[in-house]
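Each residue of the sequence shown is one higher than the one before, counting from 27 in this note's numbering.
Heads up, the beta-carbon is just placed ideally off N, CA and C, and yes, glycines get one too.
Comments concern the structure below.
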Amino acid sequence: YKRQPYTVSDDKLEQILVLTEELDASIQMHVHETAFEVEQAMERNGERPLARLHRLGLLGPRFQAVHMTQVDNDDLAMLVETNSSVIHCPESNLKLASGFCPVEKLWQAGVNVAIGTDGAASNNDLDLLGETRTAALLAKAVYGQATALDAHRALRMATLNGARALGLERLIGSLEAGKAADLVAFDLSGLAQQPVYDPVSQLIYASGRDCVRHVWVGGRQLLDDGRLLRHDEQRLIARAREWGAKIAASDRS
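As structure tokens, then:
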């Protein structure tokens with residue numbers, strides 16, 4: 027993982043490519059997060075960041091381009107040609123005024139688009155379900171059609187598309203025989219969730235993380251009726267407050 031192309035020289039990027047091939051690993055980079063990033067690259071190198079990565083051979087099925095708010099026709103063609111994935115982080119893009127990823131346009135061109143949260147520092151939470159809802163709503167405004175990125179495709183972006191971006195679609199991402207038992211159980215029986223006509227639409231547009239009741243990862247239950255089973259919640263809260271105080275003190279110094 028290297029955060030942005032402009033922080034890495036060509037020779038280092040080539041070394042990263044060699045390492046990923048040796049380790050059979052993925053490459054994840056923040057690419058075209060802002061218009062300024064692209065403009066600066068053009069001024070410095072005479073080429074867009076994605077084109078530079080393509081020239082160096084980094085784009086491919088195991089490459090994850092995070093953000094991609096700036097996509098021209100050449101960028102789109104490169105993503106399609108190399109079968110690279112885009113990780114869409116809509117809430118971070120909105121909070122930082124970075125721009126809008128053209129999700130529907132990418133989807134229709136055949137690009138694998140998955141959901142990301144970027145990070146709590148630029149998002150404030152790591153709520154993947156909330157992120158998916160934002161993505162589904164934002165895509166409609168960006169594309170100008172209410173039918174853009176329907177609930178079922180949004181759910182796929184948060185599950186199987188993410189697994190595909192990681193190169194793990196044969197192991198995770200959907201409930202199938204032979205795959206890991208990764209399960210999340212939502213409670214849609216409450217008053218606020220009634221009536222339920224389409225469970226997927228209800229999940230994406232009208233529910234939230236408060237509806238999560240049980241979680242299993244690899245067949246191991248980690249959450250039971252909303253309670254963490256393998257961590258002490260009070261200790262986690264205390265630790266978070268401790269770090270919060272340290273950060274606040276650092277800001278004042």
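* In chain order, which alpha helix (DSSP H) runs of at least 4 residues are fully inside the stretch 27-69? -> 36-49
* Out of curiosity, what's the CA-to-CA distance linking Val243 and Leu76? -> 34 Å
* Inter-residue spacing [alpha-carbon to alpha-carbon] between Arg280 and Thr160 -> In the structure displayed, the chain extends from 27 to 279; residue 280 sits before or after that span and is not available.
* Asked: Mind checking whether Leu248 and Arg239 have CB atoms under 8 Å apart?
  -> no
* **Rounded separation between Leu175 and Val129 - CA only** => 8 Å
* Cβ neighbour criterion (16 or more within 10 Å) applied to Gln171 -> exposed
* **Proximity of Cys127 and Asn138 at Cβ, strictly below 8 Å** => no
* Check whether the Cβ atoms of Gly156 and Gly234 sit closer than 8 Å, and answer yes or no. => yes
* Looking at the unbroken alpha helix (DSSP H) that takes in Ser10, where does it start and where does it end? -> Residue numbering for the chain in the displayed model covers 27 to 279; residue 10 lies beyond these limits and cannot be assessed.
* For the candidate residues Glu117, Ala135 and Ala123, whose alpha-carbon lies nearest to that of Asn99? -> Ala135
* What are the boundary residues of the alpha helix (DSSP H) that includes Arg246? -> Note, Arg246: premise wrong, no alpha helix (DSSP H); beta strand (DSSP E) at Arg246 to Asp250.
* Have a look at Lys121 and Ala203 and give me their C-alpha separation to the nearest angstrom. => 40 Å
* Taking the alpha carbon of Leu154 as the point to measure from, which residue in Gly270, Ile42, Leu254 and Leu229 has its own alpha carbon closest? -> Leu229
* Asked: Is it a yes or a no for the stretch 79-97 touching the stretch 46-66, going by three-plus beta-carbon pairs under 8 Å?
  -> yes
* To do: Could you spell out the range, first to last residue, of the beta strand (DSSP E) harbouring Ala211?
  => Leu209 to Phe212
* **Beta carbon of His114 nearer than 8 Å to that of His58** => no
* Asked: Which stretch, first to last residue, makes up the alpha helix (DSSP H) that contains Gln134?
  -> Val129 to Ala135
* Local Cβ density within 10 Å of Gln66, reported as buried at 16 or more and exposed below that -> exposed
* **Under the three-state DSSP convention, the category Ala184 falls into** => helix
* Asked: Going along the chain, which residues of its own chain have a beta-carbon closer than 6 Å to the beta-carbon of Gly188, five neighbours each way excluded?
  -> Ala140
* Asked: To which residues of the same chain is Val106 closer than 8 Å at the C-beta, ignoring the five residues directly before and after it?
  -> Ala135, Gly136 and Val137
* To do: Give the straight-line distance between the Cα atoms of Glu259 and Arg74, rounded to the nearest whole angstrom.
  => 46 Å
* Go ahead and label Val168 buried or exposed: buried means 16 or more other beta carbons lie within 10 angstroms of its beta carbon, across all protein chains shown. => buried
* To do: To the nearest angstrom, report how far apart Lys272 and Ala147 are at their CA atoms.
  => 15 Å
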